[in-house]
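A.B. asks: First, the structure itself, so that you have it in front of you.
Protein chains: 2
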Amino acid sequence: MTKYKIKFLPIDRICLSEDGETVLEAAMKSGIHINASCGGNASCGKCRIKVLQGYAPSGVHPEISESEYDSGIRLACLTTPHSDMTIEVPLESQVDRLVLKKRNKASSILSVSDIGEFVAGWDVDPAVTKKYIELEPPSLDDNISDLVRLTRALKEKYGINGISVDFKVLERLSVVLRDAGWKVTVAIVQIREGYKLIDVESGNTVEKNYSIVIDIGTTTVCAQLLDLANCSVFKLQTKGDTARDLCTLAESSDYNAQISYGEDVISRIMYSQKKGGLKKLQQVVIGTINSLIKELIEISCVNAEHISQMVFAGNTTMTHIVLGLDPKYIMLSPYTPVATIFPTVRGEALGINVKNHVHIYFFPCVASYVGGDIVAGVLGSGVFQRDKTTLFMDIGTNGEIVLGNKDWLVCASCSAGPAFEGGGIKFGMRAGRGAIEQIRINPSTFEPMTLTIGRVKPMGICGSGLIDLVAELIEVGLIDQNGKFKRDVRTNRIREGDGRHEYVVCFASETCIDRDIVITEMDIDNLMRAKAAMYAGCKVLLDNVGLAFNDVDMVIISGGFGHYIDLEKAQTIGLLPGLPMNKFIFVGNGSLLGARLLSFCKGFLNETEKIAKTMINVELSNNNKFMDEYIAAMFLPHTNQEEFPDVMEKLKNLLNANRKK
Amino acid sequence: MTKYKIKFLPIDRICLSEDGETVLEAAMKSGIHINASCGGNASCGKCRIKVLQGYAPSGVHPEISESEYDSGIRLACLTTPHSDMTIEVPLESQVDRLVLKKRNKASSILSVSDIGEFVAGWDVDPAVTKKYIELEPPSLDDNISDLVRLTRALKEKYGINGISVDFKVLERLSVVLRDAGWKVTVAIVQIREGYKLIDVESGNTVEKNYSIVIDIGTTTVCAQLLDLANCSVFKLQTKGDTARDLCTLAESSDYNAQISYGEDVISRIMYSQKKGGLKKLQQVVIGTINSLIKELIEISCVNAEHISQMVFAGNTTMTHIVLGLDPKYIMLSPYTPVATIFPTVRGEALGINVKNHVHIYFFPCVASYVGGDIVAGVLGSGVFQRDKTTLFMDIGTNGEIVLGNKDWLVCASCSAGPAFEGGGIKFGMRAGRGAIEQIRINPSTFEPMTLTIGRVKPMGICGSGLIDLVAELIEVGLIDQNGKFKRDVRTNRIREGDGRHEYVVCFASETCIDRDIVITEMDIDNLMRAKAAMYAGCKVLLDNVGLAFNDVDMVIISGGFGHYIDLEKAQTIGLLPGLPMNKFIFVGNGSLLGARLLSFCKGFLNETEKIAKTMINVELSNNNKFMDEYIAAMFLPHTNQEEFPDVMEKLKNLLNANRKK
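Going down the list, the protein sequences come from chains A and B.
For what it's worth, my numbering labels the leading residue of the first sequence as 1, then goes sequentially.
For what it's worth, my numbering labels the leading residue of the second sequence as 1001, then goes sequentially.
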């Protein structure tokens, strides 16, 4: 079989391509990232590369102009090497991780005392605890087995009865006990089946008991390393840096390496149906998890041997893939997952680099599109225990909403589409370096003022920027409430392109991609679909329980993205309901919040399963009420102006003000 | 590295020997059996081979005469090939399995109704049950996960609540449910942690639910395949062939392949301390188990997929080795095992060829030398539930005894030595083809009449033959009560050999080994040590609870060997106590009996653990009382004649009768 060398720039790495393999496939195999939001179907047109050297026949694509094609620009998924090659991966096709980490840092750290604010009535009491014990060495008068000696002492000293033992402990018990001079620390887990002895260590290591909690998102994986032995004292302290830093010893996040195989869960599921696809997807996300664990250990200087538990929260598809369960039927009507409650699994069995006694607790899911991340969010934000009725919104690639209080919970998943993550938007991108995150438009000149993440030349527009942009466009009167550009405005920023109107946010010379960054009517339409789905979902949930928005006491916005939304702008476009500002709370990464809480306190195990079991999922895909509400919400902010009185008042004032000028 | 071909006759197999490897090591590697009771230490002198061709320097050994050496006889453990070779493995160095199977067949089959005789108050109710269930296929109105759909139906139809699931089931659940058109049979286990779903099969297989029970002996491994679905009706029937054959679908037994690595547990433990030794021992016994499972499946024509549970009973060392646990400290004072209660283990994890949902329950042990086989015997013979006080004796390589009733149990292990299995006896052998099993001596001529297993030319003497022989020798007055030959008897059968007297049981020409088969004073001494240890052990146990033999209501003799003992002869030599014959009961393989019982009825799980936990082990190795009793018992039948009034009466009459002649 002929193999060709492909050199990728600027990262300067070489990989071999098998006969007939595309550049995208070769790059995937070698872990070199090129954006490919459609999973390699040539539909998204985002995997742009530049061929610097070598011969590779390539298909044409509407996303690539003739002049671009002449300069060597290709789509990686359409390009098949026929010789050794040198290929440049353009800036916009790469992932910049530094910004991601910075953004997640700001949003995801919450101390024990932070959690305490949301969830009441709990003490630090982790599932895995450590006990130090000194044993009498065996004698002829007392020569019971090593295990019975240990369990007898645990009973005498700590009153622990009926403890079972992990087989792996037996394999090394005799040696450890004798090497330690019969003075050991044991790790004991109390989950579901009672007490289980899972580890035995030499000497006193009671103070060294750590957990790792991970939020496995479709796009991003966030992890924290927590100190379970030394956090109880901080719970009593007030919120502050001291408490926070002492509990969370390290944190890190990274893109889910699966993003090379498709942007949303559907593309991942489709990829999983290819031969070896599921295994591959599992391997790459485990790879991401392992590299995060390595980082957490390096940052915290904790001995990896002392990590004694893990808690994972992910959406239903991610949970299935991490566990190696086939997600096929999540995608096919009537959308059934294999399971929504998962057995605790040994990390080692999944290929996770932790000691063999470390078990992973997976947050249970509710349905195919309401996953463990949402259950964790509901737990972590305390929705499940308050009298007040809360609307919990997780805005991301998929929008999930939960409505309820301590007595009842209903939820729904709105196929909002990936607009908030930059998907389906011509110059949309994830919240990375170079993404426009804030925009203001001068109401007289219609000239924009933009700020990018990392304050560099713009490369595209991320979700929060998009919300800003559309809200500004309507406030300055450039678009009407249908999201269509007004034709009579005099500015060179509005023009016709590809038969539709568009607004130029940045001209090519201002960007780092040498192309005009624009927002098209189709982009606005896509954003409206996304916001309309979210809003309609909320309406259906409320309607289901006979409530209206005014009955909602609190709106919790979860998700890394949520933190960056300008609340007022989000109301202007009708994404968030028109309620008073003081009803909104941002919780950052709610999923991680719940995972932390469970890690700190095993008492929430029952709560968690109860949340998952009692939460009623309202299926929107075949819901007539949802379709009606969706159509009504395909307006800026909404066809029913009464639902957004403040926004309507503001728009009226602004338009009047503009007219006066 | 030089390698030589070694051809073994009569089995006609060729294996390769590595440089410097002995014939024994090469044979072991290739699974060719040559007796080696000392584990290859050149101390037992039993691994005789005949070199037919090839050059191999070999050490000399007292067991091999000069003329034998000249004719090519060597010890395999002392012989290192220096060229290709042809080697004959003499008859007496081989294992004949056919006889073993025949003997175990007679002793180990017990039907449900047999068990019912020993143990009262139970119904057939296995730990693993199967339930057939037809599910509603999912719809948009009811799209809960496949797992919840299944558990919901189990709850509705069978009232099974709070069931957990084995991860392996999840991996194939969706496919099986859909392939089966939502009509499936599930296997559910109820052990310790409540209900667990362990398998799902297409269609209705409720009637196909089998278990395999295995007694893992140091010498022999016995296995049965049981029908769990169709045995309840037979419990009500009377004992008989019909009931028996319908419950036990197949049975088989084989020598534990570990016998190539040493005859008793101590040699096995010593071997396990060599590099890779434990792994090797584990592999070979798993090999024996796997070949037995294969046979059971072939005999019964059962589909291996329908085996749903296994129960193993073995002594403490065997249990450790099968589980891969280091048995080192079992051997070293103060004799502590790693564990006496073992977690349930997935068969697949130990390399056992069963479907991945099959778990193995290991009988708990009491101490280093009172193992799961004894606990199983106490369970299976009903000792634990009767008001009557029972003395339970397992006579084998190691002698274990239990005394007690439903309120209390004490036990001890007597280092009886391997005499009953032919160890330490010049012409001792295991109960295989050619072993003398019955002997009578003419009181006038002192000529013997012998019967061998398989009725062939004798090759040696097995345990039951030895007991017969010594009892006869004393009854005809050839030995005194110290076990010494009388010097004044005129017969050419008694002669001096190696400075000690011996009795010729068979002259060389009568045997199939062309050597005189004799019993020496040293042999008799070894047998007396073994029987004295057993008897003294019983005395110590009785003394411990303030009882005497007369307080014992029932003596249960367990162990395959037990079945072949002539009760009267065993009393004559003082092995069994001088109680009325009607107090003795033979139960055959008590270990298998208990394993069967647990397999049929999960309710005995608690009983089993209670037996193991409450049974008090009396350590004899440092017990002064035991030493006193042991010395007192080093007499035929005993120094205290009052303990054996019937035997003494019989001996007196016999001697008088002889004198009169």
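Glycine is no exception: its CB is placed at the ideal position from the N, C-alpha and C atoms.
Strictly below 8 angstroms CB to CB, what residues from chain B border Leu170 of chain A?
C.D. replies: Leu1323, Leu1325, Val1338, Ala1339, Phe1342, Pro1343
A.B. asks: Please decide whether Tyr335 of chain A counts as near chain B, where near means a Cβ-Cβ distance under 9 angstroms.
C.D. replies: yes
A.B. asks: So, is Pro1137 of chain B buried or exposed, given that buried needs 16 or more other C-beta atoms within 10 angstroms?
C.D. replies: exposed
A.B. asks: Give the secondary structure of Phe312 of chain A by DSSP, where H, G and I count as helix, E and B as strand, and everything else as coil.
C.D. replies: strand
A.B. asks: Alpha helix (DSSP H) containing Cys538 of chain A: first to last residue?
C.D. replies: From DSSP, the alpha helix (DSSP H) with Cys538 of chain A extends over 521-544.
A.B. asks: Taking the alpha helix (DSSP H) that Tyr1158 of chain B belongs to, which residues open and close that run?
C.D. replies: 1146-1158
A.B. asks: Note down, in chain order, every chain B residue with its Cβ under 8 angstroms from the Cβ of Val148 of chain A.
C.D. replies: Scanning chain B for C-beta atoms nearer than 8 angstroms to the C-beta of Val148 of chain A yields Ala1339, Thr1340, Ile1341, reported in chain order.
A.B. asks: Looking at the secondary structure, which residues open and close the beta strand (DSSP E) in which Asp1553 of chain B lies?
C.D. replies: Taken as a continuous stretch (DSSP letters only), Asp1553 of chain B belongs to no beta strand (DSSP E), as it is neither H nor E.
A.B. asks: State the Cα-Cα distance for the pair Ile1269 of chain B and Leu1350 of chain B, rounded to the nearest angstrom.
C.D. replies: 19 angstroms
A.B. asks: Shorter than 9 angstroms from the beta carbon of Val1402 of chain B to some beta carbon of chain A?
C.D. replies: No, its Cβ sits nowhere closer than 9 angstroms to a Cβ of chain A.
A.B. asks: Out of B:Glu1171, B:Ser1174, B:Arg1149, B:Tyr1069, state which residue places its alpha-carbon closest to the alpha-carbon of Ile1163 of chain B.
C.D. replies: B:Arg1149
A.B. asks: If you measure between the beta carbons of Gln1282 of chain B and Tyr1361 of chain B, is that distance less than 9 angstroms?
C.D. replies: Taking 9 angstroms as the Cβ cut-off, Gln1282 of chain B and Tyr1361 of chain B do not qualify as a contacting pair.
A.B. asks: Tell me where the beta strand (DSSP E) around Thr129 of chain A begins and ends.
C.D. replies: For Thr129 of chain A, the enclosing beta strand (DSSP E) covers residues 128-134.
A.B. asks: How do the stretch 521-531 of chain A and the stretch 413-428 of chain A stand: do at least 3 beta-carbon pairs fall below 8 angstroms, yes or no?
C.D. replies: Segments in contact, yes.
A.B. asks: What does DSSP give as the partner residue(s) for Thr491 of chain A in the beta ladder?
C.D. replies: According to DSSP, which records beta bridges pairwise, Thr491 of chain A is partnered with nothing at all.
A.B. asks: Taking all protein chains shown into account, decide if Glu1496 of chain B is buried (16 or more other Cβ within 10 angstroms of its Cβ) or exposed.
C.D. replies: exposed
A.B. asks: Is the distance from the Cβ of Asp387 of chain A to the Cβ of Ser558 of chain A below 9 angstroms?
C.D. replies: Contact: no.
A.B. asks: What first and last residue would you give for the alpha helix (DSSP H) that runs through Lys1280 of chain B?
C.D. replies: 1277-1300
A.B. asks: Taking 9 angstroms as the CB-CB cut-off, is Pro443 of chain A touching chain B?
C.D. replies: no
A.B. asks: Rounded to whole angstroms, what's the CA-CA distance from Gln1190 of chain B to Lys1005 of chain B? Just pull it up for me.
C.D. replies: 53 angstroms
A.B. asks: Among the residues of its own chain, which have a CB less than 6 angstroms from the CB of Gly1045 of chain B, if the five just before and after it don't count?
C.D. replies: So the list reads His1061, Glu1063, once near-sequence residues are dropped.
A.B. asks: Which residues does DSSP pair with Thr452 of chain A in a beta bridge?
C.D. replies: A:Ile436
A.B. asks: Check the DSSP bridge columns for Ala367 of chain A and list the partner residues they point to.
C.D. replies: A:Val370
A.B. asks: Buried or exposed for Gln258 of chain A, please, with buried defined as at least 16 other CB atoms from any protein chain shown within 10 angstroms of its CB.
C.D. replies: buried
A.B. asks: For Phe584 of chain A and chain B, any beta-carbon pair shorter than 9 angstroms?
C.D. replies: By this cut-off, Phe584 of chain A is not an interface position.
A.B. asks: Whose Cβ in chain B lies nearer than 7 angstroms to the Cβ of Phe167 of chain A?
C.D. replies: Pro1343, Val1345
A.B. asks: For Gln53 of chain A, which residues does DSSP report across the bridge?
C.D. replies: A:Thr86
A.B. asks: Taking the beta carbon of Arg1659 of chain B as the centre, do at least 16 other beta carbons fall within 10 Å, making it buried, or is it exposed?
C.D. replies: exposed
A.B. asks: Name, please, each residue of chain A whose Cβ falls closer than 9 angstroms to the Cβ of Glu1619 of chain B.
C.D. replies: Leu140, Asp141, Asn143
A.B. asks: Taking Lys7 of chain A as the reference, give the member of A:Glu25, A:Gly20, A:Leu52 with the closest Cα.
C.D. replies: A:Leu52
A.B. asks: Quickly, what does DSSP pair Asn617 of chain A with across the bridge? List them, please.
C.D. replies: When DSSP reads this structure, Asn617 of chain A sits in a beta bridge with A:Cys411.
A.B. asks: Could you round the C-beta distance between Glu1305 of chain B and Lys1355 of chain B to whole angstroms and report it? I think they count as a contact, below 8 angstroms.
C.D. replies: 6 angstroms
A.B. asks: If Thr129 of chain A and Thr80 of chain A are in contact, beta carbons under 8 angstroms, what's the gap, nearest whole angstrom?
C.D. replies: That belief does not hold up - the Cβ atoms of Thr129 of chain A and Thr80 of chain A are roughly 57 angstroms apart, past 8 angstroms.
A.B. asks: Among B:Val1505, B:Asp1543, B:Pro1337, which residue has its Cα nearest to the Cα of Ala1441 of chain B?
C.D. replies: Checking the displayed sequence, the identity of residue 1441 of chain B turns out to be Ile instead of Ala. Among B:Val1505, B:Asp1543, B:Pro1337, the Cα nearest to that of Ile1441 of chain B belongs to B:Val1505.
A.B. asks: Helix, strand or coil for Thr340 of chain A, going by three-state DSSP, please let me know.
C.D. replies: coil
A.B. asks: Check the Cβ of Asn1622 of chain B against every Cβ in chain A and list those closer than 7 angstroms, keeping chain order.
C.D. replies: Leu140
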